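Residue numbers (this note's numbering): 105 to 200.
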(Lines of atoms letter the chains of each structure in order from A and count residues from 1; the text may use other names and numbers.)
(Lines give C-alpha, C1' and ligand atoms only; values in the text may rest on other atoms or scores of the structure.)
Protein backbone atom coordinates (compact mmCIF):
# COMPACT_ATOMS: atom_id res chain seq x y z
CA UNK A 1 0.00 0.00 0.00
CA UNK A 2 1.54 3.36 -1.08
CA UNK A 3 2.32 5.96 1.49
CA UNK A 4 0.36 9.19 1.57
CA UNK A 5 2.64 12.20 1.11
CA UNK A 6 3.26 14.07 4.29
CA UNK A 7 3.21 17.76 4.98
CA UNK A 8 6.92 18.09 4.12
CA UNK A 9 6.37 16.90 0.55
CA UNK A 10 3.42 19.29 0.05
CA UNK A 11 5.46 22.20 1.40
CA UNK A 12 8.39 21.27 -0.86
CA UNK A 13 6.13 21.29 -3.93
CA UNK A 14 4.60 24.63 -2.89
CA UNK A 15 8.06 26.11 -2.36
CA UNK A 16 9.24 24.81 -5.75
CA UNK A 17 6.24 26.32 -7.55
CA UNK A 18 6.77 29.64 -5.76
CA UNK A 19 10.47 29.60 -6.68
CA UNK A 20 9.70 28.91 -10.37
CA UNK A 21 7.19 31.78 -10.34
CA UNK A 22 9.68 34.21 -8.79
CA UNK A 23 12.49 33.30 -11.20
CA UNK A 24 10.13 33.69 -14.17
CA UNK A 25 8.99 37.05 -12.85
CA UNK A 26 12.59 38.27 -12.43
CA UNK A 27 13.38 37.31 -16.02
CA UNK A 28 10.23 38.94 -17.39
CA UNK A 29 10.67 42.39 -15.78
CA UNK A 30 13.89 43.35 -17.69
CA UNK A 31 12.29 42.31 -20.98
CA UNK A 32 9.31 44.58 -20.27
CA UNK A 33 11.70 47.44 -19.46
CA UNK A 34 13.60 46.97 -22.72
CA UNK A 35 10.39 46.92 -24.75
CA UNK A 36 9.16 50.04 -22.91
CA UNK A 37 12.43 51.85 -23.73
CA UNK A 38 12.15 50.89 -27.41
CA UNK A 39 8.49 51.94 -27.55
CA UNK A 40 9.08 55.28 -25.82
CA UNK A 41 12.09 56.00 -28.00
CA UNK A 42 10.09 55.31 -31.16
CA UNK A 43 7.23 57.55 -30.03
CA UNK A 44 9.72 60.28 -29.11
CA UNK A 45 11.42 59.97 -32.48
CA UNK A 46 8.08 60.33 -34.25
CA UNK A 47 7.21 63.42 -32.19
CA UNK A 48 10.59 64.97 -32.99
CA UNK A 49 10.19 64.09 -36.68
CA UNK A 50 6.84 65.91 -36.73
CA UNK A 51 8.41 68.88 -34.92
CA UNK A 52 11.23 68.97 -37.48
CA UNK A 53 8.72 68.69 -40.33
CA UNK A 54 6.75 71.68 -39.06
CA UNK A 55 9.85 73.53 -37.87
CA UNK A 56 11.43 73.22 -41.31
CA UNK A 57 9.25 76.09 -42.50
CA UNK A 58 10.95 78.46 -40.03
CA UNK A 59 14.43 76.86 -40.21
CA UNK A 60 14.15 75.15 -36.81
CA UNK A 61 15.09 71.55 -36.14
CA UNK A 62 16.25 69.30 -33.32
CA UNK A 63 18.50 66.33 -34.02
CA UNK A 64 16.85 62.96 -33.60
CA UNK A 65 19.23 60.79 -31.61
CA UNK A 66 18.68 58.23 -28.84
CA UNK A 67 18.90 60.82 -26.04
CA UNK A 68 16.46 63.33 -27.53
CA UNK A 69 14.09 60.54 -28.62
CA UNK A 70 14.02 59.02 -25.13
CA UNK A 71 13.50 62.42 -23.48
CA UNK A 72 10.61 63.13 -25.82
CA UNK A 73 9.28 59.59 -25.42
CA UNK A 74 9.37 59.48 -21.63
CA UNK A 75 8.13 63.01 -21.00
CA UNK A 76 5.77 63.30 -23.96
CA UNK A 77 4.74 66.77 -25.09
CA UNK A 78 6.45 68.44 -22.07
CA UNK A 79 9.67 66.66 -23.12
CA UNK A 80 9.42 68.07 -26.63
CA UNK A 81 8.78 71.53 -25.16
CA UNK A 82 11.81 71.05 -22.89
CA UNK A 83 13.99 70.15 -25.89
CA UNK A 84 12.71 73.19 -27.81
CA UNK A 85 13.48 75.48 -24.86
CA UNK A 86 16.93 73.92 -24.47
CA UNK A 87 17.56 74.45 -28.17
CA UNK A 88 16.44 78.08 -28.15
CA UNK A 89 17.76 79.40 -24.86
CA UNK A 90 20.51 77.27 -23.37
CA UNK A 91 22.49 75.30 -25.92
CA UNK A 92 21.60 75.99 -29.51
CA UNK A 93 24.61 74.21 -31.03
CA UNK A 94 24.54 71.00 -28.95
CA UNK A 95 21.15 69.71 -30.09
CA UNK A 96 21.99 70.03 -33.80
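Beta carbons are placed, not taken as given, at the ideal position from N, Cα and C, and that holds for glycine. All values derive from a computational prediction rather than experimental measurement.
Check: At least three beta-carbon pairs within less than 8 Å, the stretch 130-140 to the stretch 151-163; Outcome: no
Check: Delimiting residues of the alpha helix (DSSP H) encompassing residue 167; Outcome: Looking at the DSSP string, residue 167 is not in any alpha helix (DSSP H), and its letter there is neither H nor E.
Check: Under 7 Å between C-beta atoms of residue 174 and residue 149; Outcome: no
Check: Cβ-based burial, residue 145 [other Cβ within 10 Å; buried from 16]; Outcome: buried
Check: Simplified DSSP assignment, three categories, for residue 234; Outcome: Nothing can be reported for residue 234: it is not among the residues displayed for the chain, which extend from 105 to 200.
Check: Segment limits, alpha helix (DSSP H) that includes residue 189; Outcome: 181-189
Check: Rounded Cβ spacing between residue 187 and residue 166 (contact assumed at less than 8 Å); Outcome: 5 Å
Check: Contact belief for residue 142 with residue 153 at Cβ below 8 Å, rounded distance in angstroms; Outcome: With a Cβ gap of about 16 Å, residue 142 and residue 153 do not count as contacting.
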